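Protein chains in written order, with the numbering used here: chain A, 1 to 114; chain B, 115 to 228. In this text, a Cβ means the ideal position worked out from N, Cα and C, and glycines have one as well. Because the structure is a prediction, the values reported are computed rather than measured. What follows is a set of notes on a single structure, which appears directly below.
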Amino acid sequence: DTEVTQTPKHLVMGMTNKKSLKCEQHMGHRAMYWYKQKAKKPPELMFVYSYEKLSINESVPSRFSPECPNSSLLNLHLHALQPEDSALYLCASSQAGEGRNTIYFGEGSWLTVV
Amino acid sequence: AQKVTQAQTEISVVEKEDVTLDCVYETRDTTYYLFWYKQPPSGELVFLIRRNSFDEQNEISGRYSWNFQKSTSSFNFTITASQVVDSAVYFCALSANTGNQFYFGTGTSLTVIP
């Protein structure tokens, strides 16, 4: 079983809704990530938090707002999304810093924007 | 620049056949890390293996084996005696020694037919 848990598993939201995706890891990792994955494509990096500070924002639109309340939790707040934002959103974690650290992924949250 | 190429978009094999998934990478770094992940239809990216650039020893884990060749910049993955449960999308990825960026290939969709 994965040690990165994501909720909800599935989310359907309207374009005027505000919702949040939640992620929790229990491996003592200090880096956490949000990836977006469209069908038949590889995951695309959105945000990286390292030691609870935002270290990478891959020019993601402001309608996506990440939050890292502590080293184990990562949220992604969603507001005024577009239908093209429908995708699988993957949370992941790793020991902080160097690229040699393996990234472990959660099961993902399937988001549909209607 | 870092780049990972998985030229095989889709592969179908009959159960119990062996199958090799190809991965070719490009990097100017002398120290780097290569990964394979499995993504079943449920969505979770499952970590399979990490290989360091300075360790070219091949690895076998049950029915899985990996062939790392720096001379050809390849890190191929072989499944022996394939099973239906092996049906998934497989991603090869590359990371540098510093930073948190993973470079994913476009993935190979494997279907094992019973």
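Using a Cβ-Cβ cut-off of 8 angstroms (strictly less than) and excluding sequence neighbours within five positions of residue i, which residues of its own chain qualify?
i               : result
V114 of chain A : V12, M13, G14, M15 and P83
N70 of chain A  : E52
T192 of chain B : D132, V133, T134, L135, Y178, S179, W180 and N181
N211 of chain B : D143, T145, Y146 and Y147
Per DSSP, which one or two residues make a beta bridge with residue i?
i               : result
M13 of chain A  : A:V113
L54 of chain A  : A:Y49
H77 of chain A  : A:S20 and A:S65
K152 of chain B : B:V160 and B:Y204
Q25 of chain A  : A:V4
R165 of chain B : B:L148
T119 of chain B : B:V138
S72 of chain A  : Beta-bridge pairing links S72 of chain A to no other residue.
I103 of chain A : Per DSSP, none; premise fails for I103 of chain A.
K36 of chain A  : A:E44 and A:Y89
Taking 6 angstroms as the limit between beta carbons, can you name the residues of its chain near residue i, skipping five residues before and five after?
i               : result
I103 of chain A : A92 and S94
For a contact defined as C-beta to C-beta under 7 angstroms, what are the partners of residue i on chain A?
i               : result
A210 of chain B : G99
G221 of chain B : P42
So which residues on chain B does residue i lean against when the C-beta distance must stay under 7 angstroms?
i               : result
F105 of chain A : E158 and L159
Could you tell me if the beta carbon of residue i falls within a distance shorter than 6 angstroms of some heavy atom in the ligand FMN?
i               : result
F218 of chain B : No copy of the ligand FMN occurs in the structure displayed, which carries no ligand at all.
Can you pull the chain B residues whose beta carbon is under 8 angstroms from the beta carbon of residue i, in chain order?
i               : result
W110 of chain A : G157
T102 of chain A : F149, F161 and R164
So, at 7 angstroms on beta carbons, what are the nonlocal neighbours of residue i in its own chain, with the 5 sequence-adjacent residues on each side left out?
i               : result
L90 of chain A  : Y35, Q37, P43, F105, G106 and G108
S201 of chain B : L224, T225 and V226
Q122 of chain B : L135, D136 and T222
Given that residue i touches chain A, what residues does it touch there, using C-beta distances under 8 angstroms?
i               : result
T141 of chain B : Those do not exist, as T141 of chain B stays about 11 angstroms from chain A at its closest Cβ, beyond 8 angstroms.
T144 of chain B : Correct list: empty, because the minimum Cβ distance to chain A is about 13 angstroms.
Give the residues of chain B in contact with residue i, contact being defined as C-beta atoms less than 9 angstroms apart.
i              : result
L88 of chain A : G157
Using a cut-off of 9 angstroms between C-beta atoms, extract the partners of residue i located in chain A.
i               : result
Q215 of chain B : L45, V48, I56 and G99
Whole alpha helix (DSSP H) elements within the stretch 183-227 of chain B, 4-residue minimum: none
Would you call the stretch 169-176 of chain B and the stretch 125-134 of chain B touching, i.e. three or more CB-CB distances under 8 angstroms? no
Contact list for the stretch 31-47 of chain A against chain C, Cβ threshold 9 angstroms: Given the protein chain composition of this structure (A and B), no chain C is represented.
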